[in-house]
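K.L.:
Below you will find the structure I want to go over with you.
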Amino acid sequence: MSTNPILSGFHPDPSICRVGDDYYLVTSSFEWFPGVPIFHSRDLTHWRQLGHVCHDLDLDGLKPSAGIYAPTIRHHDGVFYMITTLMETAGNFLVTATSPEGPWTEPVWFPETRGFDPSLFFDDDGRCWMHGARERENKEFSGDTEIWLRELDLTSLKLVGDEHVVWTPHLRGAIWAEGPHIYKSGGWYYLVTSEGGTAEEHAVMVARSRTVTGPYAGNPRNPVLTHRHLGLRHPITSTGHPDLVETPDGEWWSVLLATRPYGGTDATPPDMAAVRREHGYNLGRETFLTRVRWEDEWPVFDQVTLDFAGPSLPVHRWPATPACDHFDRLAPAWQFLRTPRETFWTVGDGLTLKVRPPGLTEHGNPSLVARPQAHIDFAVHTELTFTPGPGEHAGLALIQNDDFHIRLSRRPDGLELIHRAEGVDTLAGWADATGGRVWLSFEAHGQDYQARYALSPGEWRPLGPPLDGRILSSTVAGGFIGAMIALYATSEGRESSNSAHFAWFDYQAL
């Protein structure tokens, strides 16, 4: 048996391609840098992160959940193509590489295109077709979208020929027809899209045509995949945004996003607003896998489950990543908040962060490194050596965005626990702490997050009561991001020559 999700924690909008016996997958990264994490597998269920595709992005000042949306990865004639959108700034762009580890080229931009979620389809006649989603010019409501298609010249990497509008939402009045991908099988061109938004009403539609430019006819069985009819108490919700891949043996599989709500199946109180808040999505949208079969020349998606019979591929497990990171290097899982314009970190003997003016409550680039929370129940520990000056603090943070997060930090006069919701800081715990070294921890069980500290190795004490972790969910904080676990240092607007040293970082699922 195999287990979902195949990528746990904040890994939304997956796209996949196969090269021989190897599979490569990318996901959205929004305002986190570097952009577009890329993963490698040989059996579709065990994955390792190779790095990131985009190392030269301008994410300065972006608000939470802006930035990189829904990348697509494809491979053609020895070249990898990754196309995506830098939302709210520069639009759609394409990069290429001959190796998934890079180097990737400078972006090729498409200023003549509108919208988001671009994709590429390479036909067997050698032509390539770019397609994407956008709101209609004469939209009747917010999210009134359409899918467009146009040929991409592979030599000049410019769009050529006529543009074709090939699809609008299948359900009358549905919002956000998005995430389009085209495939060819048995002489048919298949267009797969999602609609209904990326939350609980998410649904997958498929249409087909004998020609790539259409007209496309919808599957009478649409939606071919959704969990919206299963309700908010189902253990997997929001299924959608799929991308399909065929194995060498002819099996078809789909990666897709979905969420795992917190809480049990009998949530109280019964009103749905309360259920939605109680069953938050702290892990964000994760990457799942499900089987796709063919009936009557239409794809049929298996229902997405936590346990499933996996692909008929040889099992290929990668070496396990150590639970404790001593920062011999900065591992690919670590990211920065927006584009770092200076090198404020050093690794090799732990992690040292310069104390800089940007803080965690603004749309800046603080001295911070972060990685996704990957389990509902987990514990994280670190050892910090830091002698703060006036106004300075450093420590461990659980971040949803600048207005919703939890900070456990050393200040000049002690240890402070801050619970920040709707942009308002609340002091949740305080402890006297002398000396320059301290041990910090968070332990989470569901939506309860307990902060702990130690002044000597192993002598852990609670700091404050368990905190309400629902503020780390997008159902409370908004946006599309999952909770991130961060190490940080700031002087809150003051100039400083100080630094904070983290000897190690330990993350364990409970």
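Just so we're aligned: 268 in full-length UniProt numbering is position 268 of the sequence shown, and the numbers increase by one with no gaps anywhere. Glycine included, each C-beta is placed from N, C-alpha and C at the ideal position. Here the structure is a predicted model, which means the values were calculated and not measured.
(1) When the Cα of Gly91 is compared with those of Leu59, Pro64 and Arg317, which residue comes out closest?
(2) Can you list, in chain order, the residues of its chain whose CB lies under 6 Å from that of Ser2, leaving out five sequence neighbours each side?
(3) Report the partner residues of Arg46 according to the DSSP bridge assignment.
(4) The alpha helix (DSSP H) spanning Trp304 covers which residue range?
(5) List the endpoints of the continuous alpha helix (DSSP H) containing Ile212.
(6) So, are the CB atoms of Ile406 and Met484 less than 8 Å apart?
(7) Using the beta-carbon count (16 or more within 10 Å), is Ala217 buried or exposed?
(8) In the DSSP assignment, what are the bridge partners of Ala431?
(9) Looking only at its chain, what residues have a beta carbon closer than 7 Å to the beta carbon of Gly264, apart from the 5 residues adjacent to it on each side?
(10) So, using beta-carbon positions, are Gly429 and Gly464 closer together than 8 Å?
(11) Does the distance from the CB of Asp123 to the CB of Val212 come in under 8 Å?
(12) Per DSSP, what are the beta-bridge partners of Gly91 in this structure?
(13) Answer yes if the stretch 23-30 comes into contact with the stretch 359-374, meaning at least three C-beta pairs across the two stretches below 8 Å, and no otherwise.
(14) Is it buried or exposed for Glu178, if we count other Cβ within 10 angstroms and need 16 for buried?
(15) Please classify Ala397 as buried or exposed, where buried requires at least 16 neighbouring CB atoms within 10 angstroms.
(16) Considering only their Cβ atoms, is the gap separating Gly414 from Ala431 smaller than 8 Å?
(17) Note down the Cα distance separating Asp43 from Leu289, rounded to an integer number of angstroms.
(18) Can you tell me whether Phe490 is helix, strand or coil according to DSSP?
(19) For the alpha helix (DSSP H) containing Ala477, name the first residue and the last one.
(20) So for Ile481, helix, strand or coil by DSSP?
(21) If contact is defined by three or more beta carbon pairs under 8 Å, each pair taking one atom from either stretch, is the stretch 61-79 in contact with the stretch 108-123?
(22) Starting from the Cα of Asp468, find the closest Cα among Leu487, Glu246 and Ala421 and give me that residue.
(23) For Gly132 and Thr352, I'd like the C-alpha separation in whole angstroms.
(24) Nearest by alpha-carbon distance to Glu195: which of Thr155, Phe336 and Thr239 is it?
(25) Can Ile236 and Thr193 be called in contact, C-beta distance under 8 Å?
(26) Could you have a look at His229 and say whether DSSP puts it in helix, strand or coil?
(27) Taking just the CA atoms, how far does Arg437 sit from Glu88?
(28) For the structure I just gave you, are there three or more beta carbon pairs, one from the stretch 371-386 and one from the stretch 491-509, closer than 8 Å?
(29) Sorted by chain position, which residues of the same chain lie with C-beta nearer than 8 Å to Val292's C-beta, five sequence neighbours on each side aside?
P.N.:
The short version:
(1) By 1-based counting over the sequence shown, the position of residue 91 is 91. The shortest C-alpha to C-alpha distance from Gly91 to any of Leu59, Pro64 and Arg317 is the one to Leu59.
(2) As a position in the sequence shown, residue 2 is number 2, starting the count at 1. Cβ neighbours of Ser2 beyond the five flanking positions: Thr45, Phe308 and Gly310.
(3) As a position in the sequence shown, residue 46 is number 46, starting the count at 1. The amino acid occupying residue 46 in the given sequence is His; Arg does not appear at that position. Paired residue(s): none; His46 is not in a bridge.
(4) Counting from 1 along the sequence shown, the entry for residue 304 is found at position 304. Rather than Trp, the amino acid found at residue 304 in this sequence is Val. DSSP places Val304 in no alpha helix (DSSP H); its state is neither H nor E.
(5) For the purposes of this step, residue 212 is identified with residue 212 of the sequence shown, where counting begins at 1. Inspection of the sequence shows that residue 212 is occupied by Val rather than by Ile. Careful: Val212 lies outside any alpha helix (DSSP H) and carries neither H nor E.
(6) Residue mapping note: residue 406 aligns to position 406 of the sequence shown, counting from 1. Residue mapping note: residue 484 aligns to position 484 of the sequence shown, counting from 1. No, they are not a contact pair.
(7) One-based indexing of the sequence shown puts residue 217 at position 217. It counts as exposed.
(8) The residue given as residue 431 occupies position 431 in the sequence shown. According to DSSP, Ala431 bridges with Leu415.
(9) Within the sequence shown, numbered from 1, the residue matching residue 264 stands at position 264. Per-residue confidence for Gly264 stands at a pLDDT of 47, beneath the threshold of 50, marking its modelled position as unreliable; the derived number appears in the next sentence. Excluding sequence neighbours, Gly264 sits near nothing in its chain.
(10) To locate residue 429, count along the sequence shown from 1; it is residue 429. To locate residue 464, count along the sequence shown from 1; it is residue 464. Yes. Within cutoff.
(11) On the sequence shown, position 123 is the one that residue 123 refers to. On the sequence shown, position 212 is the one that residue 212 refers to. It is a contact, given that the beta carbons lie within the stated cut-off.
(12) In the sequence shown, counting from the first residue as 1, residue 91 sits at position 91. Answer is Leu86, bridged to Gly91.
(13) no
(14) To locate residue 178, count along the sequence shown from 1; it is residue 178. The residue in question, Glu178, is buried, as its Cβ has 16 or more Cβ neighbours within 10 Å.
(15) For the purposes of this step, residue 397 is taken as residue 397 along the sequence shown, with counting starting at 1. Around the C-beta of Ala397, 16 or more other C-beta atoms lie within 10 Å, and the residue is accordingly described as buried.
(16) In the sequence shown, residue 431 corresponds to position 431, counting from 1. In the sequence shown, residue 414 corresponds to position 414, counting from 1. Against a cut-off of 8 Å, the Cβ pair of Gly414 and Ala431 comes out as a contact.
(17) As a first step, residue 43 must be located in the sequence shown, where it is residue number 43. As a first step, residue 289 must be located in the sequence shown, where it is residue number 289. Approximately 11 Å, taken between the alpha carbons.
(18) Along the sequence shown, one-based indexing puts residue 490 at 490. The sequence as given places Thr at residue 490; Phe does not occur at that position. Strand at Thr490.
(19) One-based indexing of the sequence shown puts residue 477 at position 477. For Ala477, the uninterrupted alpha helix (DSSP H) run begins and ends at Ser474 to Ala477, by DSSP.
(20) The residue labelled residue 481 in the question sits at position 481 within the sequence shown. Correct three-state label for Ile481: coil.
(21) yes
(22) Here residue 468 is taken as the residue at index 468 of the sequence shown, counted from 1. When each option's Cα is compared against that of Asp468, the closest is Ala421.
(23) As a first step, residue 132 must be located in the sequence shown, where it is residue number 132. As a first step, residue 352 must be located in the sequence shown, where it is residue number 352. Answer to the nearest angstrom: the Cα atoms are 42 Å apart.
(24) Within the sequence shown, the letter at position 195 stands for residue 195. Comparing Cα positions, the closest option is Thr239.
(25) Looking up residue 236 in the sequence shown gives position 236. Looking up residue 193 in the sequence shown gives position 193. No, Cβ-Cβ distance for Ile236 and Thr193 is not below 8 Å.
(26) Along the sequence shown, read from residue 1 onward, the residue named residue 229 stands at position 229. If DSSP states are grouped into helix, strand and coil, His229 belongs with the helices.
(27) If you number the sequence shown from 1, residue 88 lands on position 88. If you number the sequence shown from 1, residue 437 lands on position 437. If I take the Cα positions, the gap works out to 42 Å.
(28) yes
(29) Within the sequence shown, the letter at position 292 stands for residue 292. If we look at Val292 and ignore the five residues flanking it on each side, its Cβ neighbours are Leu244, Trp252, Trp253, Ser254, Pro299, Val300, Phe301 and Asp302.
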